[in-house]
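First up is the structure itself, then whatever we jot down about it.
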Amino acid sequence: MYGTYQQHGRLSEDEVLQGMLTQRHRYANADPTRGYQHSFRTKSKWELVRLSLMIVGIECTYATETALVAPILLGIGLPHTIMTMIWAMPSIAGLLFAPVIASISDRLRSRWGRRRPVLLALGATTLTGMLILPNGTAVGRLLGLDSIPWLATITTIGLVMSDFSVETSNGICRTYAMEVCTVRDQTRVLSVMVLTGGIGATMGALFGAIDWDTLGIGEFFGGNDSSVFAANWIVLFVGLVVTLTSFPEIPLPVQESDPMLRPVTQKMLLDEVRRVNGEKGEVEVDDTPEVVGFRQFVRNVLQMPRSMKILCLTQLLSHMSYLTYCLYYTDFVGATVYDGDVRALEGSPAAERYADGVRFACLGMALCSTTSSIYSTFIERLIERFGARPVYVCGLLAHSIGMLAMGLVPHKLVVFLCCSLTGVMYATIYSIPFLLISHYHSKNCGGCEWNGVDRQCCGACCGSRSHSKLCQGEPFALLGRLRSSTPSTLLEMNLVKNMPNKGQRDKWGKDIEFLLSCIALSVGLGNVWRFPFTALENGGGAFVIPYLIVLLLVGRPIYYLEMLISQFSSRGCINVYDASPAMRGIGVGQTYSTFIVMTYYASLMAVTMRYLIASFADPLPWSECNDAWNATCIDSRLITNMDENSTQAAVTSAELYFVKDVLKEADSIHDGIGIPDWRLVLCLLVPWTCICLTLIKGIKSSGKVAYFLAIFPYVVMLVLLIRACTLEGAGDGMLYFIKPQWDRILEAKVWYAAVTQVFFSLTICFGNVMMYSSYNRFTNNVYRDVTIVSIMDTLTSMLAGLIVFGVIGHLAHVLEAPDIQQVVRGGAGLAFITYPDAIAKFTFWPQFFAVAFFLMLFVLGIGSNVGMATTIMTVIRDRFPHLPPALVAVGIAIVGFSIGVIYTTPGGQYLLDFLDFYGASFVALVLAVFEMMTFAWIYGVSRLCRDVEFMLGIKTGLYWRLCWGFITPTLLAAILLYHIATYESFTFNGYVYPDGMYAFGWCIFAAGVLQLPAWAVYTFLKRKEPDWRDRLVHCFKPTHDWGPEDPELNAKYHESVYKAEQALPRNRSIARRIYDNVFS
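With the numbering used here, the residue at position 277 of the sequence shown is 260, and numbering never jumps.
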C-alpha cells in the first residue's frame, strides 16, 4: 500500500493519507463507469469553483430578498409589525423542518446520492417561489383577489417557498461539497464557497441597484422588482445545473457494502497511522442505527457536546443580529437616510426618494458582499496565526461596531462604509463554524452520518430571524432595530478547548514603575476640573473634612484590598474572582464599565489636543469673536465689567469657541447626533496612537512610559502655581476655594459628593488597580504604595484647586465680578471655557501658559487612559495568552478609535455624559457593593488577613479589619441607597433625552450589572456535583489553583489554609462566625 514511499521509521499523516487515497483511487478506477474515483483525488481550483456555483445563486437570492422583500410587503400596504411577522414565517419553517430535511438527506439511499436529490427538489421550489414573490400582486389580480390580505398571502407563499428552500439548500450544498472532497480539500472548498458566495451576493445587490425601468427591461418583465428577480432566477438556475452535474456522489448503500469506497475521514486516517506505525488503540465508534425523525433529531441536539452547543447558540445569536440588519437595512436607508416614504403615491418625490434610498442601500450591500469575499481569502491564514476563537469573536465584534455607528450616525457615507464590517461577520459565520464541525466529526466519528444534521443545526440557527423580527417595532427606527445586535458578540467562545500551559505572568521592570503607573492612573482630569468645582459646590474648605474621612474609611481600604488580592494571586480583574467563582460577573461588569470610560475618555483627549494645537496661534483663537458664530459675543481678551453687562445676553468668545467651533454642539439629539468633525477625528488619532505605542510591549513598555506620565504633570503644575500666585486677585480666588462653609458639613449631599469624588479619583472598583497589582512581585510592599498614592492623589487635587481658582480669582478681579461664582463653570467647562477665558486676558505670553495647561491635561489624561486600556488588554491576554501584546494593543486602539468617533459628532457630548452616568458611574457603584461583600464576607476578612501575612509577613491591623468587614461595605451600601432614593432622570444642561434614549440607558446599565447573576448561574450549571446544595456551596469557594502563581508557594499556601481550617472550632454560632471573620 505504501510501496511508493521510502519508509524511514514512522510515517507522517500526509504520507499515510496519500497512500490511502492512492489505493482507493486505483480501486475506484477499476470500475470507471461509476465515476467515483474523483472522491479520492485533490480537486483543482476550477473544480472547486464548479462545486460552489450554486452558492452564487443562493447568495444572489439572499441579497435580492434582503433588498426588496421589505419594500414589496410594505408597498402592498402592510404595517411594519405584520411585515416582520411575515418575514418570520420562512424562518420558523426553517427552524422546524430544515434539520429534518437534513436528517432525511443523511439517510437517503438513492443511487443518485444523498445530497443531490434534495438539492434538486429545493432548487425547483426556490425557482418557483422567486417567480411568485415579486408578482404576488399581479397573480392576485389575475385570480380576482384584490384585497390586501389575499395579496399578502400570495406574496408570503412565494417568500416561504424561496427563502425556506434557499436557506435549507445552503447547508446541504456545503455538506455535498465537503463529502466529495478529500480531508485536505475541505478547507479549500469552504474558502472558495465564501468567495463565490460573496460574488453572488454582490451580483444580487448590484441587480437591486440598477434602475431597470430606465433601461427598458423593467417594462418587459413587469416592473423594476420583477426584473431584479428575473436576473436572479437565471443566476440560480445556472448555478444549480452546474453544481448538480459536477461530481457524482457515492451512494450510501455502496459505502455500506464496500469499505474501500468510503470517504477518508480524520479518524480513519489516525487509526491507519497507528496501524502502520505499530501502535495500539483505536477510537471506538457506536454504529448502532438510529431512527430518523424530528424526535430523534431533538434528542441528538440535546446530547450534543458542550462545545457544539455553545457554537450553535452563538450562531443563533449572530444570525439574529445579521438578519435584523438584512430585514431593515434597505427600508432604513430609504425612509430614514433618504427621508422617503414607501407608501407614497407612485411618482411622487417621497416615493422617488425611497426608491433612490433602496438602490443606494443595494450598493452598500454590494460593498458588504465584496468585503466578505476579500476577507474570506485571509480567514484561513488568520485562523492558522491566531486560532479559531479570536478570529470568530473579532468577526462578530466588527459587525456590532458597524451597527452601532449606523444607528448613531444615520448618514449616507457612514451607512455605506459600515456595511463592510457586516461583510467581515458574514464571512466569519459562514466558514469557521462549518469547518469546526467538520473537524469535530472527522476526529470523533467513524463516518459523517450526522455531519449534515449538525451543519444544518448550525444553519438552522438562522431560524432565529423569527425572534429578532417579531421583537422589532416600527417606532425605534434603526436604533431599536440594529443596536440590539451588540450583546450577541460578547459570548464566551469555547469552540476548540485547548488549554495552554500556564506561563509566568509578566512583571514590572522595577517596583517604582508600578507606583508611578498607579499615580498616573489615579491622578487624572478629575483632579483638575472635578475636585475643585465639587469642593466649591459642597462647602469649600469644609468639604475637605468629609473628603478625608471618606478617603480613610472607603478609598484607602478598597485600594489596599484590590492591590493585595491581585498581587497575592497574580490575577487580573476577572480571574481574581477565582476566589469566589460565582461572583466572577463583578469583574466582567467592571471591565465593561472600564471599556465605556476608556472610549469617551480618549475623546476628551482629542478636545484637549485640539486646544493644545490652537494654543500656538497668535492671537489665541478663542480670544476673539467670529462672525460665523452668529451670536452676541464679547472678546475674551477684552476686560469688561460684568456689572455693566449683567443684563445683556452676551457670551464670551471662549465659550462660543468651545461650543460652536470645537464641539459644534447641537441643540438636541432628537434628529440624530450629526456627522463627526474631521478635525476632532484627526485629533482623536493622537491619543490612541500614544496609547497603542505605550502598550506595544505590554506592561514592560507602559512601565517605562510611566516615569514621564507621572512626573511631567507636576513640573507643569509647579510652573502654573507660581504664575497663579503672581496674578492680581489670585489670593481671593484661592481663599474662596478653601474657605469653609461649616453649615454645609452635615448635609447628606456633601457626604455623597465626597464618596463619589474619592471613588472616581482613585479609580477603585473599575478593575484598573487590580490589573496593575497583578504584575507585581509577590512580596512587593503594597502597604507603602497605597499610602503614597492616596496622599499624592489628595494633594494633587488640592494643588490643582489652588491653581485653577487662583486663575479664576484673577479673572473675577479683572472683570470686577461681585462674586467668583459668576465666572466658575464645572466639569469640562472649567478646563475648556473658564480657564482659556482667563488665559486670553493674560498680557504676558498667554500662548506659553495655554500650551503648558493643555499639555498637562493631555499627559494626565493619557496616564489614566493607558491604565484603562491596559485593563482591557490584560483581560484579553488572560483569555488568549498566545496573542502578542502588539496585536492586542493595535486591536484595542482601532476599536477604541472607531467607537470614539461617535463623541466627535455635534451630539457627542450628549452621549458622553449619558453613557458616563448609565454605563460607568451607576454600574461601578452597584458592583462595588458586591465586590466588598465578596472579599469581606464570602472569601472572608480572616482569610484575607492570613493571605497578607503569608505574602508580606505582617499582621493586619484593626483599622483595616473594621473597614473591610463593616464600615466600608455599610457606607457603600448607604450611598447606593441614597443614590437610588434621590434618582432623577438624567439630563444634560437641562436637556431631557427622548424616552427611547432612557430605555437604551437602562439597557446599558443592565448589560453591566446583570453580568453578576448571569455568571453566577453559569458557574452553578458548570459544576458537576450531584447534589445541588454541594454545587451551590462550591460555587462560592476558591478554585483548586487559587493562590500564589509560583507552584511551590501555592502548595505551601494550600497547606497553611488546610491547617487554619482544621484549627477552627466546629458548630459555631452565626455571631461567633461574624466575630471570627473580622477579629480572629
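Don't be surprised by glycine CBs; every beta carbon is placed ideally from N, CA and C.
Since the structure is predicted, the reported quantities are computational estimates derived from the model, not experimental observations.
With distances taken from CA atoms, which of the options is nearest residue i?
{"i": "Leu1139", "options": "Val143, Gly750, Leu125", "result": "Residue 1139 cannot be examined here, being either before or after the span of the chain that is shown, -16 to 1063."}
{"i": "Arg33", "options": "Met753, Pro1030, Leu178", "result": "Leu178"}
{"i": "Ile532", "options": "Phe720, Ser757, Thr777", "result": "Thr777"}
{"i": "Glu614", "options": "Ser304, Pro117, Thr635, Leu898", "result": "Per the sequence shown, residue 614 should be read as Ala rather than Glu. The residue with the shortest Cα to Cα distance from Ala614 is Thr635."}
{"i": "Gly370", "options": "Thr951, Arg862, Ser383, Met915", "result": "Arg862"}
{"i": "Gly180", "options": "Ile38, Ala76, Ser240, Asp129", "result": "Ile38"}
{"i": "Thr970", "options": "Tyr893, Ser359, Gly655", "result": "Tyr893"}
{"i": "Ala852", "options": "Phe641, Thr228, Tyr575, Asn558", "result": "Tyr575"}
Can you tell me whether residue i sits near the ligand MN, meaning its C-beta is under 7 Å from at least one heavy atom of the ligand?
{"i": "Tyr1036", "result": "Among the components modelled here there is no ligand, and therefore nothing to report on the ligand MN."}
Which residues in the same chain as residue i place their Cβ atom closer than 7 Å to its Cβ, once the five residues preceding and following it in sequence are excluded?
{"i": "Glu432", "result": "Any reading at Glu432 needs caution, since the residue's pLDDT is 43, under 50, leaving its predicted position unreliable; the model's value is listed next. Taken in chain order, the residues that qualify are Asp89."}
{"i": "Val1091", "result": "Absent from the model: residue 1091. The displayed extent of the chain is -16 to 1063, so no value can be given."}
{"i": "Lys938", "result": "Glu932"}
{"i": "Ile140", "result": "Ile115"}
Assuming the contact rule is C-beta atoms closer than 8 Å, residue i and residue j should be a hit. Round their C-beta distance to whole Å, please.
{"i": "Val398", "j": "Gly347", "result": "6 Å"}
{"i": "Arg727", "j": "Ala525", "result": "6 Å"}
{"i": "Ser586", "j": "Phe837", "result": "About 15 Å separates the two Cβ atoms, so there is no contact after all."}
{"i": "Ser500", "j": "Gly850", "result": "7 Å"}
Suppose you measure from the CA of residue i to the CA of residue j; what does that come to, to the nearest Å?
{"i": "Thr226", "j": "Ala160", "result": "9 Å"}
{"i": "Pro819", "j": "Gly923", "result": "51 Å"}
{"i": "Leu461", "j": "Thr47", "result": "Low confidence applies here, because Leu461 scores a pLDDT of 26, under 50, leaving its location unreliable; read the following figure in that light. When rounded, the distance between both Cα atoms is 21 Å."}
{"i": "Val975", "j": "Val149", "result": "47 Å"}
{"i": "Val834", "j": "Gly187", "result": "55 Å"}
{"i": "Lys26", "j": "Gln169", "result": "10 Å"}
{"i": "Gln994", "j": "Val571", "result": "7 Å"}
{"i": "Ser414", "j": "Arg171", "result": "11 Å"}
{"i": "Gly984", "j": "Cys401", "result": "23 Å"}
{"i": "Ala964", "j": "Ala731", "result": "12 Å"}
{"i": "Ala1054", "j": "Leu519", "result": "44 Å"}
{"i": "Leu328", "j": "Gly568", "result": "54 Å"}
{"i": "Pro416", "j": "Ser403", "result": "21 Å"}
{"i": "Gly330", "j": "Ala649", "result": "35 Å"}
{"i": "Asn848", "j": "Leu703", "result": "24 Å"}
{"i": "Trp1025", "j": "Arg488", "result": "15 Å"}
{"i": "Glu335", "j": "Cys377", "result": "38 Å"}
{"i": "Tyr1030", "j": "Leu1047", "result": "The question names Tyr, but residue 1030 is Pro in the sequence shown. If I take the Cα positions, the gap works out to 26 Å."}
{"i": "Arg99", "j": "Met72", "result": "26 Å"}
{"i": "Arg1076", "j": "Thr307", "result": "Beyond the ends of the chain as shown, which are -16 and 1063, falls residue 1076; an answer cannot be given."}
{"i": "Leu498", "j": "Tyr886", "result": "32 Å"}
{"i": "Asn759", "j": "Val752", "result": "11 Å"}
{"i": "Arg1056", "j": "Phe832", "result": "60 Å"}
Where does the unbroken alpha helix (DSSP H) through residue i begin, and where does it stop?
{"i": "Leu534", "result": "First-last for Leu534: undefined, no H or E at that position."}
{"i": "Pro1030", "result": "1030 to 1046"}
{"i": "Gly141", "result": "131 to 162"}
{"i": "Leu910", "result": "905 to 916"}
{"i": "Ala800", "result": "Element bounds for Ala800: n/a, residue is neither H nor E."}
{"i": "Leu173", "result": "169 to 192"}
{"i": "Thr591", "result": "567 to 597"}
{"i": "Asn207", "result": "207 to 227"}
{"i": "Glu496", "result": "494 to 505"}
{"i": "Ser619", "result": "Unbroken run through Ser619: none, as it is neither H nor E."}
{"i": "Lys683", "result": "682 to 708"}
{"i": "Gln298", "result": "289 to 315"}
{"i": "Leu745", "result": "Premise fails: Leu745 is in no alpha helix (DSSP H) and is neither H nor E."}
{"i": "Phe551", "result": "539 to 552"}
Please go through the same chain and pick out, in chain order, the residues whose beta-carbon is closer than 6 Å to the beta-carbon of residue i, but skip the five residues on each side of it.
{"i": "His865", "result": "none"}
{"i": "Thr108", "result": "Met144, Ser148"}
{"i": "Ser780", "result": "Asn510, Phe514"}
Can you name, in chain order, every residue of its own chain whose Cβ lies under 8 Å from the Cβ of residue i, other than the five neighbours on each side?
{"i": "Met934", "result": "Leu547, Gln550, Phe551, Phe761, Thr762, Pro1027"}
{"i": "Leu61", "result": "Ile69, Ile131, Ala135"}
{"i": "Leu51", "result": "Pro117, Gly191, Asp208, Val211, Phe212, Thr313, Val341"}
{"i": "Val325", "result": "Pro54, Leu57, Gly58, Asp314, Gly317, Ala318, Ala334, Tyr337"}
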